[in-house]
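S.K.:
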Amino acid sequence: MSNTHDEHSGPGHVLPMKMLVGTFVALLALTVLTVITGKMSLYGFDLSIAMLIATVKATLVAMIFMHLKWDRPFNGYIFLVAVLFVGMFLAYVVADTKEYQPDIKGWTDQQISKPASE
Amino acid sequence: MSSDHHDPLLAHHFDDMEQQFDTNKFGMWVFLLTEILFFSGLFVAYAVYRSNHSDVFEYASQYLNTNLGALNTIVLLLSSFTAAWAVRAAQLGQNGLVTKLLGVTVLCAFGFMAIKAEEYSHKYHEGLLWGGAEHSIFKVDTNTVDPAVAEHSEYWSEVKELPPEFRRQIGIFFGIYFCLTGLHGIHVIIGIIVILWLMRRNVRGDFSPQKYDAIDLGALYWHLVDLIWIYLFPLLYLIS
Amino acid sequence: MTTTDPSVNYLNHEKGLRSWLMTLDHKRLGLMYMWSTFVAMLLGGSFALALRLELFAPGQQIMSKDFYNHMFTLHGAVMIFLVIIPSIPAALGNFVLPIMLGAKDVAFPKLNRFSYHLYLTGAVFLIAAILTGGLDTGWTFYTPYSTSTDTSVIIAVMGAFILGFSSIFTGLNFIATIHKMRPPGMTWFRMPLLLWALYATSVIQILATPVLGIALLMLIVERVLGVGILDPALGGDPVLFQHLFWFYSHPAVYVMILPAMGVLSEMFAVYSRKQIFGYRYIAYSSISIAIVSFIVWGHHLYVSGQSTMVSVIFSAITFTVAIPSAIKVFNWIATMYKGSINLTTGMISALAVIWLFGIGGLTGLWMANLSTDMHLHDTYFVVSHFHFVMVGSALFSYLGAVHHWWPKMFGVMYDEGKGRLWTIMTFIGFNITFLPQFLLGTRGMPRRYFDYAPQFEFLNKVSTIGSMIVGLSIVMVFWNLLRSLKNGKKAPANPWGGVTLEWQCASPPSPHNFEDAPTVGDPYDMSQNRFVSDEEGYVPVTPSENDPYVYQVKVEEA
Ligand SMILES: [Cu+2]
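Chains as they are written, first to last, in this note's numbering: chain D, 105 to 222; chain V, 2 to 241; chain X, 169 to 726.
1) Can residue 465/X be considered in contact with ligand 2, in the sense that its beta carbon sits closer than 8 Å to one or more heavy atoms?
2) By alpha-carbon positions, which one of 116/D, 149/D, 150/D, 160/D ends up nearest to residue 133/D?
3) Let me know the beta strand (DSSP E) ranges lying completely inside the stretch 116-142 of chain V, each 3 residues or longer, listed in chain order.
4) With H, G and I counted as helix, E and B as strand and the rest as coil, what does DSSP make of residue 115/D?
5) Based on the DSSP output, what are the partners of residue 581/X in its beta bridges?
6) Taking the Cβ atom as the reference point for each residue, do residue 274/X and residue 376/X lie within a distance shorter than 9 Å?
7) Go ahead and pull the three-state DSSP assignment for residue 614/X.
8) Would residue 115/D pass as an interface residue toward chain V - the criterion being a Cβ-Cβ separation below 9 Å?
9) Taking the beta strand (DSSP E) that residue 708/X falls in, what are its first and last residues?
10) Note down, in chain order, all residues in the stretch 106-137 of chain V with a beta-carbon under 7 Å from any beta-carbon belonging to chain X.
11) Can you list the residues of chain V that residue 145/D reaches, using a CB-CB cut of under 8 Å?
12) Would you please verify whether the beta carbon of residue 482/X is less than 9 Å from any beta carbon of chain V?
13) With three or more beta-carbon pairs closer than 8 Å as the criterion, would you say the stretch 196-212 of chain D touches the stretch 110-117 of chain V?
14) So, helix, strand or coil for residue 212/V, using DSSP?
15) For residue 672/X, which option in 270/X, 258/X, 197/X, 553/X has the closest C-alpha, if you only look at C-alpha atoms?
16) Under the criterion of a Cβ to heavy atom distance below 8 Å, does residue 421/X qualify as lining ligand 1?
17) Which chain D residues sit within Cβ distance under 7 Å of residue 475/X?
18) Give the residues of chain D in contact with residue 224/V, contact being defined as C-beta atoms less than 9 Å apart.
19) In its own chain, which residues sit with a C-beta less than 6 Å from the C-beta of residue 604/X, not counting the 5 before and 5 after it?
20) Measure the alpha-carbon distance for residue 211/V versus residue 199/V and round it to whole angstroms.
21) Could you work out which residue in 594/X, 340/X, 277/X is closest to residue 636/X when comparing CA atoms only?
22) Would you say residue 30/V touches ligand 1, meaning its beta carbon is less than 8 Å from a heavy atom?
23) Using a threshold of 8 Å, is the CB atom of residue 468/X nearer than that to any non-hydrogen atom of ligand 1?
24) State the Cα-Cα distance for the pair residue 79/V and residue 154/D, rounded to the nearest angstrom.
25) Return yes when the Cβ of residue 378/X is within less than 9 Å of the Cβ of residue 35/V, no when it is not.
26) Looking at chain D, which residues of the stretch 407-431 of chain X have a Cβ within less than 9 Å of any of its Cβ atoms?
27) Please classify residue 499/X: does DSSP put it in a helix, a strand, or coil?
28) Go ahead and pull the three-state DSSP assignment for residue 441/X.
29) Rounded to whole angstroms, what is the Cα-Cα separation between residue 182/D and residue 30/V?
30) Check whether the Cβ atoms of residue 441/X and residue 705/X lie closer than 9 Å to each other.
31) Which one of 394/X, 288/X, 609/X, 217/X has the shortest CA to CA distance from residue 137/V?
32) Looking only at its own chain, which residues have a Cβ that is under 7 Å from the Cβ of residue 368/X, when we skip the five neighbours before and after it?
33) For residue 475/X and residue 191/D, I'd like the C-alpha separation in whole angstroms.
34) Compute the beta-carbon to beta-carbon distance between residue 656/X and residue 582/X, rounded to the nearest angstrom, for a pair I have assumed lies under 8 Å.
35) Whole alpha helix (DSSP H) runs in the stretch 238-324 of chain X with 4 or more residues, listed along the chain?
36) Listing by chain order, which chain D residues have their CB less than 7 Å from the CB of residue 397/X?
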């Protein structure tokens with residue numbers, strides 16, 4: 105229970121008001137930024153930049169609003185495990201789907217052309 | 002044996018308040034993990050289609066209203082801010098302020114849903130739906146599109162010139178759009194119920210700086226709903 | 169409430185149906201799970217016997233083709249979702265886990281009750297699906313068939329979805345309990361191995377089950393609205409559903425087998441009266457199985473159009489699961505070496521599992537191999553393999569565990585002779601049923617077919633006869649247990665000489681398990697208690713204040 109001068113006798117960490125407001129303003133600013141960069145053409149880096157900004161925002165929410173910065177570290181690990189497993193799941197399935205696309209391409213072409221030819 | 006020597010705020014199977022507080026919070030984080038994995042299935046579906054049809058996604062996202070999406074992002078961020086503030090107020094025993102802040106959070110949540118409803122009804126009206134929907138303009142066979150929809154949809158003239166496979170994949174884009182935002186919307190509605198319940202309990206005087214777990218956990222849930230939207234917004238609305 | 173009176177226990181301190189259904193007591197919830205799984209097992213088992221009767225000879229015997237499809241689907245769905253998944257984790261885990269931790273209850277008792285209510289709701293949905301048109305998709309619900317068949321897919325899928333959440337909340341509860349409620353002195357590496365196994369199981373439940381939830385939800389949406397994500401006819405991806413489904417369902421087989429391995433570790437140590445061999449290796453192998461289980465799901469997709477590159481990766485990782493599994497088996501055998509083995513019903517089940525899991529596990533390697541799997545995929549070889557693992561290993565361990573903790577649950581001893589006899593009969597019947605199916609599979613008999621070619625007739629007949637032996641023996645096992653409730657001998661607190669904490673409280677335990685947290689020592693140091701023939705059980709060598717014997721003596725004096 106550092107960082108605060110408010111009287112608080114119960115469990116948990118109290119966020120200073122300044123930090124709350126500051127985080128909120130930062131989140132708003134990042135939202136504006138992501139809208140602006142989203143409208144520009146960034147030579148193939150659009151998705152990476154959008155995800156980078158989203159991740160910064162998510163980190164701010166998790167660390168400050170959700171108190172992870174002051175919480176027991178294990179709660180943060182739980183969060184990281186979730187992200188890690190989602191990432192692994194995504195990586196496998198996307199790696200796989202790219203490989204079998206040629207196989208289904210022929211089938212879909214056939215499917216599509218059917219109504220036209222009949 | 003439970004009531005005579007125990008603090009009434011402490012459940013009988015815990016040794017002390019700290020253990021109780023820690024355990025509740027730990028449990029909530031595990032629950033948030035399950036929520037993230039719950040959404041993961043749809044994110045995987047998104048990734049599969051976007052990685053194979055990035056041109057479709059780029060094209061289709063222009064049908065989404067970026068301004069409304071951005072507005073909703075701001076509304077949710079504001080609600081997250083007031084939720085975090087409500088936890089602070091509860092920790093400091095400012096119970097009147099807690100009610101007000103939770104009230105603002107709920108109002109934002111309703112605002113979010115209202116904007117979402119506006120977006121949905123516009124999409125329905127214009128036939129911007131998944132291919133299997135009756136009202137959709139993204140059918141492989143253009144003859145199967147409902148003529149009434151085709152007539153008043155301002156996008157039809159453009160859509161009907163697209164190659165059939167491309168049109169079909171736009172349908173999938175909208176399928177994913179509705180699934181992701183719909184599931185997120187369900188979570189917002191659950192959040193509204195939870196926060197209203199917290200307000201009622203707060204008015205009843207259930208919370209004190211010693212025992213405010215429920216507000217803390219409710220806020221954590223609400224932040225997760227916000228977190229997911231933080232990713233949904235650029236993934237759906239901002240594909241240039 | 170007074171708990172000093174030893175005749176008051178968790179079974180009799182409150183009465184009436186309501187006191188059971190609305191209870192927050194983990195022990196009562198555990199028992200209700202147990203009875204529910206038994207009922208579901210009889211239901212799923214009778215489906216299985218009906219299937220085997222149909223396959224007694226080629227051609228139609230007792231049911232139509234369509235009815236056969238419904239039967240094997242429901243057999244799978246009931247056995248997996250209503251029996252095996254909740255068997256050891258929810259039924260035994262609920263009963264034993266808090267007591268092993270010396271705690272009064274799980275971390276979230278209300279959530280625990282909610283899990284059970286969800287389980288009942290899910291069961292009602294599954295039964296409603298049976299009554300309103302049945303289900304013929306196979307328990308795997310593969311699209312696009314499941315989006316087009318006119319059977320009650322939606323109700324059944326809702327049932328599985330709800331059961332999934334029941335399982336998630338149980339896992340969540342156990343993880344929080346193990347993390348936050350261990351008594352002073354019980355470090356991670358002084359936990360009984362069953363707790364390690366239940367912990368690993370819970371990790372799988374919370375990480376994998378939500379993905380089943382979303383997969384099933386997408387399936388419902390697909391069926392109701394025709395969204396197209398899972399439907400190739402609408403431009404959907406043909407393999408995606410299988411990825412989503414198996415991301416859960418492969419780890420789910422470890423939800424079935426890991427807790428079974430946990431109870432085996434307990435039983436081998438207790439019934440050999442010997443320190444468990446390689447404690448840390450068993451603990452680590454549980455965790456490593458849990459983690460590796462998440463990166464092998466693709467071995468179900470070898471012939472589904474999955475790319476070769478990904479198949480090769482999945483195949484390689486699948487082989488590595490054999491390592492931690494074998495570590496456990498070797499450690500159990502080493503535990504028995506030079507022990508003084510007590511051949512109770514529990515121990516006989518445990519020994520049976522070494523045989524059954526050996527076969528089940530090793531035949532798994534054949535299918536992890538890409539080239540042999542091309543031949544064996546979707547044949548009776550697969551059927552036999554997973555029955556050896558899921559029934560032979562998981563359910564045998566469950567039955568053994570029920571016998572092991574039966575005196576603790578109800579305070580009575582079952583008839584050991586009959587228990588042994590019918591367990592051995594089940595084991596024999598099981599082998600007669602499923603060993604021939606390996607041969608059928610390698611000779612090319614496909615699974616899920618109502619009919620078969622005439623050359624498979626002999627082996628099918630043997631298999632059906634074996635299944636009848638299993639059916640009869642299982643009923644007798646249950647009958648023997650039920651009979652003990654009425655006329656079983658009163659059980660001592662510690663009939664087997666276990667050192668884990670549940671053997672330190674009375675049989676059956678008092679409503680709050682322990683009045684004060686009990687003293688924690690090495691969970692496998694068998695020198696802490698000795699057999700006393702007057703008690704017909706084991707008593708601590710150095711009794712502490714909290715032991716039931718001490719206060720029983722006091723009560724008698726007063
Ligand atoms: Cu598998």
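By construction, the Cβ of each residue, glycine as well, lies at the ideal position given by its N, Cα and C atoms.
M.R.: With the structure as the only source:
1) Absent from the structure shown: ligand 2. Ligands present: ligand 1.
2) The candidate whose alpha carbon is nearest that of residue 133/D is 160/D.
3) Fully enclosed beta strand (DSSP E) runs of 3 or longer: not present.
4) Three-state result, residue 115/D: coil.
5) Residue 581/X is bridged to 657/X.
6) Cβ atoms of residue 274/X and residue 376/X: not closer than 9 Å.
7) DSSP places residue 614/X in strand when its eight states are reduced to three.
8) At least one chain V Cβ lies under 9 Å of residue 115/D.
9) DSSP places residue 708/X in the uninterrupted beta strand (DSSP E) bounded by 705-708.
10) For the stretch 106-137 of chain V, the residues whose beta carbon sits under 7 Å from a beta carbon of chain X are, in order, 131, 132, 133, 134.
11) What residue 145/D touches in chain V: 241.
12) Chain V, which has no Cβ nearer than 9 Å to the Cβ of residue 482/X, makes this no.
13) Proximity of the stretch 196-212 of chain D to the stretch 110-117 of chain V falls short of the contact definition, fewer than three beta-carbon pairs being nearer than 8 Å.
14) DSSP, reduced to helix, strand and coil, places residue 212/V within a strand of the structure shown.
15) That would be 270/X, whose Cα lies nearest to the Cα of residue 672/X.
16) Yes, Cβ of residue 421/X sits closer than 8 Å to a heavy atom of ligand 1.
17) Chain-order list of chain D residues neighbouring residue 475/X: 200, 203, 204, by C-beta distance under 7 Å.
18) Near residue 224/V (Cβ distances below 9 Å), the residues of chain D are 165, 166, 169, 170.
19) Hits under 6 Å: 627, 630, 631.
20) For residue 211/V and residue 199/V, the distance between alpha carbons rounds to 16 Å.
21) Checked all of 594/X, 340/X, 277/X; the closest Cα to residue 636/X is 594/X.
22) False, no ligand heavy atom lies under 8 Å from that Cβ.
23) Because some heavy atom of ligand 1 lies under 8 Å away, the Cβ of residue 468/X counts as near it: yes.
24) Whole-angstrom Cα-Cα distance: 21 Å.
25) Taking 9 Å as the Cβ cut-off, residue 35/V and residue 378/X qualify as a contacting pair.
26) Taking 9 Å as the cut-off between beta carbons, the residues of the stretch 407-431 of chain X near chain D are 407, 408, 411, 412, 415, in sequence order.
27) Three-state result, residue 499/X: helix.
28) Judged by DSSP in its simplified three-state form, residue 441/X adopts coil rather than helix or strand.
29) For residue 182/D and residue 30/V, the gap between their C-alpha atoms comes out near 7 Å.
30) Result no, Cβ atoms of residue 441/X and residue 705/X do not sit closer than 9 Å.
31) Relative to the Cα of residue 137/V, the nearest Cα in the group 394/X, 288/X, 609/X, 217/X belongs to 394/X.
32) Excluding sequence positions up to five before and after residue 368/X, its CB lies within less than 7 Å of the CB of 426, 454, 455, 457, 458, all in the same chain and listed in chain order.
33) CA-to-CA, the gap between residue 475/X and residue 191/D works out to about 19 Å.
34) Here residue 656/X really is in contact with residue 582/X; their C-beta atoms are around 6 Å apart, less than 8 Å.
35) Every unbroken stretch of the alpha helix (DSSP H) spanning 4 or more residues and falling wholly within the stretch 238-324 of chain X is given here in chain order: 261-268, 277-299, 313-316.
36) One finds nothing in chain D with a Cβ atom closer than 7 Å to the Cβ of residue 397/X; even the nearest lies about 13 Å away.
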